[in-house]
Amino acid sequence: MGLFQNNPRANAATARKQNRRVQQARPRPVPAAAPVARKPAVTTSRAGQRVNRRVDAPRAGAKPAVHVPRMGLRSMVAAVPRVGARGRRLLSLAARLAIAVTLAWGVLLAVQTSYQYVTTSARFEAKSLVYQATPHVPVDRLQALLGLEPGTNILAVDTDALQAKIAAEPWVKRASVQRSLPDTLIVEVEEHEAAAALLSGYFYLIDRDGVPFKRLEDGERGELPVITGVDREQLVAGDARAQTAIRRGLAALTTYQETPRPRLSEVHVDEGGAVALYTAKTGAALRLGRGDVAGKLARFDALRAALGERAEQLAVVHLDLDATPGTPERVVASFLDPAAEAAVLARGAGAKPAPKDMTQESAAQAPAANQPSGPTKSKSKKKKKAASGNKFASGIPKYD
Numbered sequence: 001m002g003l004f005q006n007n008p009r010a011n012a013a014t015a016r017k018q019n020r021r022v023q024q025a026r027p028r029p030v031p032a033a034a035p036v037a038r039k040p041a042v043t044t045s046r047a048g049q050r051v052n053r054r055v056d057a058p059r060a061g062a063k064p065a066v067h068v069p070r071m072g073l074r075s076m077v078a079a080v081p082r083v084g085a086r087g088r089r090l091l092s093l094a095a096r097l098a099i100a101v102t103l104a105w106g107v108l109l110a111v112q113t114s115y116q117y118v119t120t121s122a123r124f125e126a127k128s129l130v131y132q133a134t135p136h137v138p139v140d141r142l143q144a145l146l147g148l149e150p151g152t153n154i155l156a157v158d159t160d161a162l163q164a165k166i167a168a169e170p171w172v173k174r175a176s177v178q179r180s181l182p183d184t185l186i187v188e189v190e191e192h193e194a195a196a197a198l199l200s201g202y203f204y205l206i207d208r209d210g211v212p213f214k215r216l217e218d219g220e221r222g223e224l225p226v227i228t229g230v231d232r233e234q235l236v237a238g239d240a241r242a243q244t245a246i247r248r249g250l251a252a253l254t255t256y257q258e259t260p261r262p263r264l265s266e267v268h269v270d271e272g273g274a275v276a277l278y279t280a281k282t283g284a285a286l287r288l289g290r291g292d293v294a295g296k297l298a299r300f301d302a303l304r305a306a307l308g309e310r311a312e313q314l315a316v317v318h319l320d321l322d323a324t325p326g327t328p329e330r331v332v333a334s335f336l337d338p339a340a341e342a343a344v345l346a347r348g349a350g351a352k353p354a355p356k357d358m359t360q361e362s363a364a365q366a367p368a369a370n371q372p373s374g375p376t377k378s379k380s381k382k383k384k385k386a387a388s389g390n391k392f393a394s395g396i397p398k399y400d
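Sequential numbering of the sequence shown, starting at 1, is according to UniProt numbering.
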């Protein structure tokens with residue numbers, strides 16, 4: 001078969017393929033471009049170092065450009081280690097202090113705004129009062145002590161000042177004033193409980209603790225016994241002896257009142273601490289002396305039980321006699337009625353009653369020896385009433 005066929009189209013295609021192969025194998029040469037003329041490089045005094053004209057060589061007459069980097073958060077954080085550990089601690093402390101001051105300022109501003117609102121709002125106006133009246137501080141007296149004007153804000157009320165004002169009342173022992181939002185005040189008052197009256201220059205009411213809390217006024221004593229024998233100068237000076245005498249008298253009074261006995265009118269305490277009790281009905285004197293009171297009053301109860309109805313005629317009962325060891329305890333008593341005294345003495349001796357004239361003579365001598373400070377006997381009832389009208393049974397004047 002020859003290279004070319006008789007088909008002209010096939011021959012033309014074959015020729016084109018052969019040309020392509022020749023072109024791929026032998027690329028067509030490209031004419032070289034003309035060389036570009038370049039400006040000679042400007043060198044500095046240092047050899048081998050190339051200078052960038054646009055950066056290192058500013059134009060003549062132009063101000064040099066200053067590059068200021070933009071400080072972002074990362075740049076600030078990156079700059080922190082440069083100050084050292086101590087600097088970082090100071091910066092941290094300053095940041096915390098700034099945050100605390102800002103928060104405190106915000107809180108104070110909020111509190112001030114809230115305070116102005118609640119102290120001027122009509123919602124917090126004091127409108128109600130909760131109080132249980134006491135015998136000596138009624139509701140109208142309490143309202144006068146509080147002195148709250150209409151429209152008073154409950155949060156603007158000084159509760160401590162109100163408590164002090166109420167506690168200044170003589171009968172008040174303790175006072176409490178509390179708020180109950182939005183518009184109520186709760187007041188509690190505890191009064192003194194008068195246990196006795198005290199005569200020491202003036203009459204005072206004293207409580208169970210022996211504290212004089214007010215001057216005695218008309219109608220306030222009632223059936224309270226009076227404690228006498230306390231020196232006024234010692235009481236005013238706050239001497240411990242005066243307080244000891246008052247407590248000694250109160251202790252004897254409390255022990256006496258634990259059992260039903262005749263009502264007392266006076267409890268006398270002398271300088272040595274000896275106690276004498278005086279009944280209200282007959283003025284009988286019970287001399288207890290010093291020491292245990294309960295045991296001596298037990299002997300008095302036994303004496304009254306043995307005498308029966310004649311016990312109402314007792315004038316002086318000595319319960320302060322100390323028995324000698326090995327002997328029974330003794331109780332020496334005298335009577336207001338001479339006949340009753342003679343009968344008791346005769347019954348105790350196992351003999352008949354003495355004649356009337358001798359009984360009166362012995363009864364007149366007995367009180368003079370045994371009762372120097374007790375109630376003075378008199379043949380005239382009018383003189384006896386007049387003498388006891390301005391004196392106690394112990395002989396102390398009731399009024400200066």
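Cβ coordinates follow ideal geometry from the N, Cα and C atoms, glycine included.
The count of Cβ pairs closer than 8 Å, one atom from the region 90-98 and one from the region 155-162, stays below three, leaving the stretches out of contact.
Residues of the same chain with a CB within less than 6 Å of the CB of Arg-304, apart from the 5 flanking positions on each side, are Ala-311 in chain order.
Nearest to Leu-146 by alpha-carbon distance, out of Ser-121, Val-177, Val-269, Ile-246, is Val-177. Assignment of Arg-215 by DSSP, reduced to helix, strand and coil, places it in the strand class.
Approximately 25 Å separates the beta-carbon atoms of Ala-196 and Ile-166; this is outside 8 Å, ruling out the contact.
Counting only runs that start and end inside the UniProt domain "POTRA" (124-192), the beta strand (DSSP E) elements of at least 3 residues fall at 128-131, 172-180, 184-191. Using a Cβ-Cβ distance cut-off of 8 Å, the region 249-261 and the region 234-241 are not in contact, since fewer than three pairs of beta carbons, one from each stretch, lie closer than that value.
Cβ contact annotation for Glu-188 (same chain, cutoff 6 Å, sequence separation greater than five): Ser-176, in chain order. Counting C-beta atoms within 10 angstroms of its own C-beta, Gly-249 has 16 or more neighbours from the protein chains shown and is therefore classed as buried. In its chain, beyond the 5 residues on either side, Ala-274, Asp-320 have a beta carbon closer than 6 Å to the beta carbon of Gly-289. Shown here for Ile-186: same chain residues with a beta carbon closer than 7 Å to its own, the five before and five after excluded, namely Val-130, Gln-178, Ser-180 in chain order. Ranking Ser-121, Pro-150, Val-137, Arg-263 by CA distance to the CA of Glu-169 puts Val-137 first.
Taking C-beta atoms as the reference points, Leu-336 and Gln-313 count as a pair closer than 8 Å. Arg-263 sits in coil when the DSSP states are folded into three classes, being neither helix nor strand. Collapsing the DSSP output to three states places Leu-288 in a strand.
Beta-bridge analysis with DSSP links Thr-279 to Leu-264. Scanning its chain for C-beta atoms nearer than 6 Å, with the 5 sequence neighbours on each side dropped, one finds around Phe-124 the residues Val-118, Asn-153, Ile-154, Leu-155, Pro-182, in chain order. For Ala-194, the secondary structure class from DSSP, reduced to helix, strand or coil, is coil. Comparing C-alpha distances from Val-316 to each of Arg-299, Ala-302, Ser-334, Glu-309 shows the shortest one belongs to Ser-334. Annotated as proximal: Ala-251 and Val-293, with beta-carbon spacing under 8 Å. A direct Cα-to-Cα measurement between Ala-94 and Thr-102 gives close to 12 Å. In this structure, DSSP gives Thr-255 a helical state, which the three-state scheme calls helix.
Cα atoms of Ala-298 and Glu-217: separation of roughly 36 Å, rounded to the nearest angstrom. If you ignore the 5 residues before and after Ala-245, its C-beta comes within less than 6 Å of the C-beta of Val-230, Val-269, all in its own chain and listed in chain order. Distance from the Cα of Gly-222 is smallest, within the candidate group Ala-237, Ala-194, Arg-232, Asp-207, for Ala-194.
Excluding its 5 nearest sequence neighbours in each direction, Val-139 has C-beta neighbours in its own chain below 7 Å: Tyr-131, Ala-133, listed in chain order. Put simply, the backbone Cα of Thr-184 is about 15 Å away from that of Ser-121.
Val-331: not part of any beta strand (DSSP E); DSSP gives it neither H nor E.
Under the three-state reduction of DSSP, Val-230 is assigned to coil, being neither helix nor strand. A distance below 6 Å between beta-carbons, with the five flanking residues on each side excluded, links Lys-214 to the following residues of its chain, in chain order: Pro-170, Leu-205.
Nearest in C-alpha terms to Glu-191, of all of Gly-219, Pro-135, Gly-106, is Pro-135.
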